[in-house]
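So this is what it looks like as structure tokens:
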């Protein structure tokens with residue numbers, strides 16, 4: 076984006092303001108049963124080298140055969156990013172030596188990726204909306220895993236992850252703060268999960284980010300960047316950027332220069348460190364993989380996948396706002412996860428959308444978070460929550476009783492309507508009963524009766540007393556009306 | 605395109621091939637001879653020709669997403685100079 080620097084993003088240095096510029100490479104593991112070029116399983120957590128074929132271990136003479144589903148997943152993701160889909164792309168070898176890379180090269184895509192330019196729309200908490208350009212998405216193999224703590228002088232290598240398909244999604248340097256970077260990754264993860272093309276599980280390393288950070292004076296050309304490798308949580312991405320930006324500003328303000336280098340984020344110490352990579356480490360000598368022909372498919376294949384795409388978060392959010400009259404904030408909260416959005420829609424069906432959103436977000440989510448549940452393990456079903464909302468709408472119970480009823484359904488289960496009958500939770504709208512309660516309060520508090528004539532706001536105290544004496548079951552509006560009539564207030 | 609001795613050493617290092625000082629001049633000459641030979645192709649203008657990827661009009665074959673392989677860790681590590689509990693064991697590589 077070439078928009079002028081948003082002032083809220085500027086960092087104050089000792090010698091003036093600085094702007095952070097961030098671009099990201101996200102590695103997203105493709106959701107598939109088997110690997111990109113072999114029939115071995117992609118399942119997480121197998122015994123060492125159990126999910127490995129002779130292809131993945133690079134035995135001589137073994138040839139790669141591409142997984143059609145991985146191709147489809149990359150195309151779906153490209154469509155979700157509103158990106159150019161390339162009907163012809165080429166696999167290249169990226170050459171480097173490392174013990175967990177048995178081939179001595181990674182099969183990747185360099186000059187001709189499967190997906191070209193696209194964009195991600197990110198709504199920030201402060202209400203701003205930014206559009207992050209996507210430069211490309213390409214398919215590549217993951218490497219194996221080195222374990223360094225099983226022996227003091229040796230590393231142990233497990234190739235289970237070797238050859239699993241990754242999508243590398245490269246953004247333009249359009250991000251200007253750690254908040255924007257975190258919001259971008261969050262949004263991208265939401266889109267991937269909606270599409271079902273990556274589970275986004277950062278704990279398992281299924282989504283990880285290389286973060287490119289540089290700083291500059293507002294309006295000046297881009298500064299020299301450092302790449303922070305393999306950051307594996309959204310919180311750490313934010314912390315790594317904050318640390319790295321301040322480190323670079325410190326060097327520049329002291330008259331120094333930034334070395335372009337690869338750095339590592341150490342979450343324990345909250346700092347980034349140089350990986351002291353050797354000069355030639357970046358000489359990858361890409362060339363087209365002679366074992367693989369160019370990957371080609373026709374537009375009909377792309378159109379077929381496009382027709383089957385689910386409703387994506389941006390579209391769902393717009394629909395929630397127009398169809399249910401929700402605020403942008405509530406709609407954002409509800410569409411963040413597909414499960415949540417589906418749950419809300421089940422509650423909202425045939426009911427007041429705003430009331431449904433309030434109950435789902437404020438009561439249910441609050442409680443789920445507190446107890447470590449998710450929507451899919453919620454003790455209160457959408458039908459039960461809908462039942463509670465119906466009872467309020469029909470004025471059978473008050474809002475206060477509804478919260479008690481929610482607690483009962485949460486801990487004991489059952490049909491809300493039956494529970495209300497059985498436990499006598501029905502709202503008292505019978506004026507006779509309310510009048511009796513009001514009379515009792517008035518008779519017992521002659522001093523307050525005098526005061527309320529001078530100070531009508533004291534009416535609230537009377538309402539509270541009546542509600543208390545009726546166990547919260549009196550209709551508050553009816554209580555109000557009766558009190559006003561009896562106390563002679565208008 | 606002529607290769608100098610520095611480039612020979614660099615290529616050898618990238619390929620993890622150890623060469624002695626005595627071998628370098630000889631390798632430089634060999635590499636240059638190969639490059640000169642291939643350079644004859646520069647006489648042909650191929651700017652409008654797509655790179656040929658196959659002599660036959662073939663498309664990349666694709667396979668179904670089904671698990672058909674794996675489950676033989678002991679075969680995977682059978683040739684490893686050192687292994688333990690079906691892991692490959694290598695000299696410490698952490699920086």
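Protein chains in written order, with this note's numbering: chain A, 76 to 565; chain B, 605 to 699. Here a beta-carbon is modelled for each residue, glycine too, at the ideal position from N, C-alpha and C.
Using a threshold of 8 Å, state whether the C-beta atoms of residue 275 of chain A and residue 268 of chain A are closer than that.
-> Translated into positions along the first chain, residue 275 of chain A becomes position 200. Translated into positions along the first chain, residue 268 of chain A becomes position 193. Closer than 8 Å, so yes.
Show which residues of chain B have a CB atom less than 7 Å away from the CB atom of residue 229 of chain A.
-> For the purposes of this step, residue 229 of chain A is taken as residue 154 along the first chain, with counting starting at 1. Chain B residues near residue 229 of chain A: 693, 694, 695, 696.
How big is the Cα-Cα spacing for residue 666 of chain B and residue 159 of chain A?
-> Position 62 of the second chain, counting from 1, holds the residue named residue 666 of chain B. Position 84 of the first chain, counting from 1, holds the residue named residue 159 of chain A. Near 22 Å, if we compare the C-alpha coordinates of residue 159 of chain A and residue 666 of chain B.
What is the DSSP secondary structure of residue 371 of chain A, counted as helix, strand or coil?
-> In the first chain, counting from the first residue as 1, residue 371 of chain A sits at position 296. In the structure shown, residue 371 of chain A sits in a strand (DSSP, three-state: E or B).
Kindly indicate which residue of A/539, A/119, A/130, A/138 has the alpha-carbon position closest to the one of residue 278 of chain A.
-> The residue labelled residue 278 of chain A in the question sits at position 203 within the first chain. Ranking the options by Cα distance to residue 278 of chain A, first place goes to A/119.
Out of A/93, A/95, A/151, state which residue places its alpha-carbon closest to the alpha-carbon of residue 379 of chain A.
-> In the first chain, counting from the first residue as 1, residue 379 of chain A sits at position 304. Comparing Cα-Cα distances from residue 379 of chain A to each of A/93, A/95, A/151, the minimum goes to A/151.
In the DSSP assignment, find the unbroken alpha helix (DSSP H) run with residue 415 of chain A in it and report its ends.
-> To locate residue 415 of chain A, count along the first chain from 1; it is residue 340. From DSSP, the alpha helix (DSSP H) with residue 415 of chain A extends over 413-423.
Compare the C-beta of residue 673 of chain B with all C-beta atoms of chain A and state if any pair is closer than 8 Å.
-> Working through the second chain from its first residue, we reach residue 673 of chain B at position 69. Yes, because at least one Cβ of chain A sits closer than 8 Å to the Cβ of residue 673 of chain B.
Answer yes if the segment 194-210 of chain A comes into contact with the segment 248-264 of chain A, meaning at least three C-beta pairs across the two stretches below 8 Å, and no otherwise.
-> yes
Mind listing which residues of the segment 93-124 of chain A have their C-beta closer than 7 Å to chain B's C-betas, in chain order?
-> 107, 108, 109, 113, 114, 115, 116, 122, 123, 124
Environment of residue 552 of chain A [buried if 16+ CB atoms lie within 10 Å] = Within the first chain, the letter at position 477 stands for residue 552 of chain A. Classification of residue 552 of chain A: exposed, given that the 10 Å Cβ count is below 16.
Alpha-carbon to alpha-carbon, residue 313 of chain A and residue 97 of chain A = Looking up residue 97 of chain A in the first chain gives position 22. Looking up residue 313 of chain A in the first chain gives position 238. About 11 Å.
Look up residue 91 of chain A in the DSSP assignment and give the residues it is bridged to.
-> As a first step, residue 91 of chain A must be located in the first chain, where it is residue number 16. Paired residue(s): A/88.
Member of A/501, A/226, A/154 whose CA lies at the smallest distance from the CA of residue 195 of chain A | If you number the first chain from 1, residue 195 of chain A lands on position 120. When each option's Cα is compared against that of residue 195 of chain A, the closest is A/154.
Residue-chain proximity (residue 643 of chain B, chain A), Cβ-Cβ < 8 Å | Residue 643 of chain B sits at position 39 when you count from the first residue of the second chain. No, no contact with chain A.
Taking residue 555 of chain A as the reference, which of A/509, A/344, A/115 has the closest Cα?
-> Translated into the one-based positions of the first chain, residue 555 of chain A becomes position 480. Nearest C-alpha to residue 555 of chain A: A/509.
Can you tell me which of A/414, A/327, A/237, A/243 puts its alpha carbon nearest to the alpha carbon of residue 91 of chain A?
-> Translated into the one-based positions of the first chain, residue 91 of chain A becomes position 16. That would be A/327, whose Cα lies nearest to the Cα of residue 91 of chain A.
Just mark residue 405 of chain A as buried or exposed, buried being the case when its beta carbon has 16 or more other beta carbons within 10 Å.
-> As a working mapping, residue 405 of chain A is identified with position 330 in the first chain. With 16 or more Cβ atoms within 10 Å of its Cβ, residue 405 of chain A is classed as buried.
Listed from N- to C-terminal order along the chain, which residues in the segment 359-378 of chain A have their beta-carbon within a distance smaller than 8 Å of any beta-carbon of chain B?
-> 360, 363, 367, 368, 369, 370, 371
Enumerate in chain order the residues of its own chain whose CB-to-CB distance from residue 308 of chain A is below 6 Å, with the five nearest sequence positions on each side excluded.
-> Start at 1 with the first residue of the first chain, and residue 308 of chain A comes out as number 233. Once the five neighbours on either side are set aside, the close Cβ partners of residue 308 of chain A are 277.
For the segment 89-168 of chain A, list the beta strand (DSSP E) runs that are entirely contained and at least 3 residues long, ordered along the chain.
-> 91-104
Report the three-state DSSP secondary structure of residue 345 of chain A (helix, strand or coil).
-> Here residue 345 of chain A is taken as the residue at index 270 of the first chain, counted from 1. If DSSP states are grouped into helix, strand and coil, residue 345 of chain A belongs with coil.
Whole angstroms is fine: what's the gap from residue 447 of chain A's alpha carbon to residue 440 of chain A's?
-> Here residue 447 of chain A refers to the residue found at position 372 when the first chain is read from its first residue. Here residue 440 of chain A refers to the residue found at position 365 when the first chain is read from its first residue. Distance between the alpha carbons of residue 447 of chain A and residue 440 of chain A is about 10 Å.
Through-space distance from residue 161 of chain A to residue 576 of chain A, alpha-carbon basis = Outside the shown range of chain A, which is 76 to 565, sits residue 576 of chain A, and nothing can be said about it.
Do we get a CB-CB distance below 8 Å when we pair residue 128 of chain A with the residues of chain B?
-> Along the first chain, one-based indexing puts residue 128 of chain A at 53. With 8 Å as the cut-off, residue 128 of chain A counts as an interface residue toward chain B.
Residues of chain A with CB under 7 Å from residue 663 of chain B, in chain order?
-> Residue 663 of chain B sits at position 59 when you count from the first residue of the second chain. Those within 7 Å of residue 663 of chain B in chain A are 368, 371.
Which stretch, first to last residue, makes up the alpha helix (DSSP H) that contains residue 630 of chain B?
-> What you label residue 630 of chain B is simply residue 26 of the second chain in a count that begins at 1. It spans 627-643 - the alpha helix (DSSP H) in which residue 630 of chain B sits, taken as one unbroken run.
If contact means a Cβ-Cβ distance below 8 Å, which residues of the segment 608-619 of chain B contact chain A?
-> 614, 617, 618
Closest Cβ-Cβ distance between residue 550 of chain A and chain B: below 8 Å?
-> For the purposes of this step, residue 550 of chain A is taken as residue 475 along the first chain, with counting starting at 1. Not closer than 8 Å to any Cβ of chain B, the Cβ of residue 550 of chain A fails to qualify, so no.
Check whether the Cβ atoms of residue 250 of chain A and residue 209 of chain A sit closer than 8 Å, and answer yes or no.
-> Translated into positions along the first chain, residue 250 of chain A becomes position 175. Translated into positions along the first chain, residue 209 of chain A becomes position 134. Not a contact, by the Cβ cut-off of 8 Å.
Looking only at its own chain, which residues have a Cβ that is under 7 Å from the Cβ of residue 348 of chain A, when we skip the five neighbours before and after it?
-> Walking along the first chain from the start, residue 348 of chain A turns up at place 273. 338, 339, 341, listed in sequence order.
Buried or exposed: residue 488 of chain A, going by 16 or more other Cβ atoms within 10 Å of its Cβ?
-> Your numbering for residue 488 of chain A matches position 413 in the first chain. Flag for residue 488 of chain A reads exposed.
What is the rounded straight-line gap between the Cα of residue 518 of chain A and the Cα of residue 540 of chain A?
-> Position 443 of the first chain, counting from 1, holds the residue named residue 518 of chain A. Position 465 of the first chain, counting from 1, holds the residue named residue 540 of chain A. One C-alpha to the other measures close to 12 Å.
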